[in-house]
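Numbering (our numbering), first residue to last: 2 to 413.
Spelled out as structure tokens, the structure:
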């Protein structure tokens with residue numbers, strides 16, 4: 002038996018369906034509008050966050066530049082004498098009469114700079130890198146000497162390692178009054194932090210240094226025909242940390258110095274030579290390669306993570322510090338020339354013609370020139386070149402593996 006449905010019931014059902022569809026449409030449209038608005042607000046907020054973070058990073062760059070411009074180690078001494086507190090050596094000077102050359106616009110805070118972000122000069126950027134005041138209270142956002150925490154056998158006040166925090170602001174500049182004073186409005190704020198290290202180069206005064214010279218019938222350093230290791234008048238020819246044997250020298254080879262061969266108390270480890278770990282050295286390098294890439298920049302720190310072979314198509318022609326985590330091979334006829342310090346964790350085989358001025362450190366074995374050489378392979382100790390390397394390459398460098406970003410606090 003069929004149930005009868007009158008026309009009024011059909012009308013009610015139709016009206017109900019239309020109302021529900023209309024309600025669903027309103028909900029969908031409202032949700033889409035809310036999502037769109039939220040996305041735009043988030044995008045807007047992220048843009049300003051990124052802008053403030055970039056401003057803070059500009060402060061880090063300026064601070065590292067300030068440390069480098071000092072020309073020497075920024076330190077107060079142990080115990081601190083000038084200034085009288087360990088962190089006081091970071092003190093940018095304000096020059097009111099010369100804004101271009103002034104290190105800061107507010108010496109009482111630290112290193113502070115401001116600059117406009119638009120042509121109307123209503124939107125401004127500001128970064129602050131605070132200096133620790135001479136008070137018992139430690140400011141966690143100030144620049145601090147952390148040498149004692151990062152460099153073994155060194156103390157706070159020696160200035161070999163520093164922690165830096167930079168705060169970046171983006172704000173609307175409406176008045177000419179003091180920053181953050183109404184009616185100026187901070188739009189966004191971010192902080193970034195990093196550490197800088199100065200490479201504390203501590204190589205033995207010698208042309209060549211090896212970890213183990215060999216004992217008995219084993220000679221880990223061989224100077225073949227036309228090979229020359231020259232220590233000069235103020236350096237050892239070849240120094241060794243362990244082993245009894247001096248280098249094996251061909252009748253047509255040369256080993257000279259004061260003395261020609263001797264032991265060294267330096268264990269030739271990375272930390273003892275550079276004052277930083279291998280990982281830190283890698284993060285501080287001007288260039289990191291896994292294979293040889295030429296040309297190499299002069300007076301730079303190059304880290305090669307693997308065996309390095311230089312030949313006639315890729316000769317070794319550069320200066321500074323070359324760190325090779327592996328074996329070094331300089332092939333015959335490469336016509337290589339290097340000034341500075343070369344550190345090899347494996348073995349080194351050097352053909353002719355080649356000239357290395359400065360110091361070569363080899364943790365494994367060294368073979369210089371060959372029995373059939375017709376040209377010269379020479380390693381010459383040069384203290385002045387190493388002084389230049391200390392002044393130009395061992396300057397303060399950012400440890401990129403310890404950089405952090407802090408997003409702005411809510412309510413700004």
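Even glycine gets a Cβ: it sits at the ideal position worked out from N, Cα and C.
Outcome for residue i when other beta-carbon atoms lying within 10 angstroms are tallied against a minimum of 16
i           : result
residue 411 : Residue placement at residue 411 is flagged as unreliable, the pLDDT there being 42, under the threshold of 50; the coordinate-derived value follows with that caveat. When all chains shown are included, residue 411 counts as exposed.
residue 288 : exposed
residue 370 : buried
residue 14  : exposed
residue 29  : exposed
residue 184 : exposed
residue 145 : buried
residue 100 : exposed
residue 172 : buried
residue 116 : exposed
residue 179 : exposed
residue 225 : buried
residue 297 : buried
residue 51  : exposed
residue 2   : Its pLDDT being 48, under 50, residue 2 is placed unreliably in this model, and the value from its coordinates should be taken loosely. Flag for residue 2 reads exposed.
residue 34  : exposed
residue 386 : buried
residue 98  : exposed
residue 20  : exposed
residue 398 : buried
Supposed close pair residue i, residue j - CB separation, criterion 8 Å
i           : j           : result
residue 243 : residue 400 : Actually they are not in contact, since the Cβ atoms of residue 243 and residue 400 sit about 31 Å apart, beyond 8 Å.
residue 278 : residue 246 : Between residue 246 and residue 278 the Cβ distance is about 31 Å, and since that is not below 8 Å, they are no contact.
residue 257 : residue 394 : Contact doesn't hold; Cβ gap of about 27 Å is too wide.
residue 364 : residue 346 : 5 Å
residue 293 : residue 310 : 6 Å
Residue i to residue j span [Cα, whole Å]
i           : j           : result
residue 210 : residue 361 : 6 Å
residue 126 : residue 213 : 57 Å
residue 240 : residue 230 : 11 Å
residue 54  : residue 317 : 40 Å
residue 189 : residue 329 : 51 Å
residue 222 : residue 353 : 17 Å
residue 177 : residue 137 : 34 Å
residue 95  : residue 63  : 15 Å
residue 18  : residue 24  : 10 Å
residue 61  : residue 123 : 24 Å
residue 135 : residue 109 : 12 Å
residue 337 : residue 375 : 15 Å
residue 272 : residue 120 : 50 Å
residue 70  : residue 392 : 11 Å
residue 413 : residue 193 : Confidence is the limiting factor: at residue 413 the pLDDT is only 49, short of 50, which leaves the residue's position unreliable, though a coordinate-based value still follows. Answer to the nearest angstrom: the Cα atoms are 17 Å apart.
residue 389 : residue 143 : 32 Å
residue 80  : residue 219 : 48 Å
residue 384 : residue 205 : 10 Å
residue 84  : residue 304 : 36 Å
residue 68  : residue 255 : 43 Å
residue 16  : residue 27  : 17 Å
residue 313 : residue 355 : 11 Å
residue 65  : residue 334 : 42 Å
residue 308 : residue 348 : 9 Å
residue 156 : residue 139 : 18 Å
residue 59  : residue 118 : 13 Å
residue 114 : residue 368 : 55 Å
residue 12  : residue 22  : 15 Å
Spatially closest choice to residue i from the options, by CA coordinates
i           : options               : result
residue 263 : 251, 120 and 236      : 236
residue 87  : 349, 385, 161 and 29  : 161
residue 233 : 358, 149 and 402      : 358
residue 322 : 335, 342 and 67       : 342
residue 227 : 204, 386, 31 and 378  : 378
residue 373 : 384, 251, 259 and 390 : 251
residue 199 : 107, 151, 82 and 260  : 151
residue 280 : 85, 141 and 402       : 402
residue 133 : 156, 166 and 286      : 166
residue 260 : 248, 191, 59 and 270  : 248
Contact check, residue i vs residue j, beta carbons under 8 Å
i           : j           : result
residue 196 : residue 164 : yes
residue 290 : residue 320 : no
residue 159 : residue 148 : yes
residue 181 : residue 175 : no
residue 203 : residue 154 : no
residue 274 : residue 382 : no
residue 76  : residue 57  : no
residue 315 : residue 295 : yes
residue 324 : residue 282 : yes
residue 201 : residue 111 : no
residue 331 : residue 208 : no
residue 93  : residue 105 : yes
Any non-hydrogen atom of the ligand ADP within 7 Å of residue i CB
i          : result
residue 26 : Ligands in the displayed structure: none, and consequently the ligand ADP is not present.
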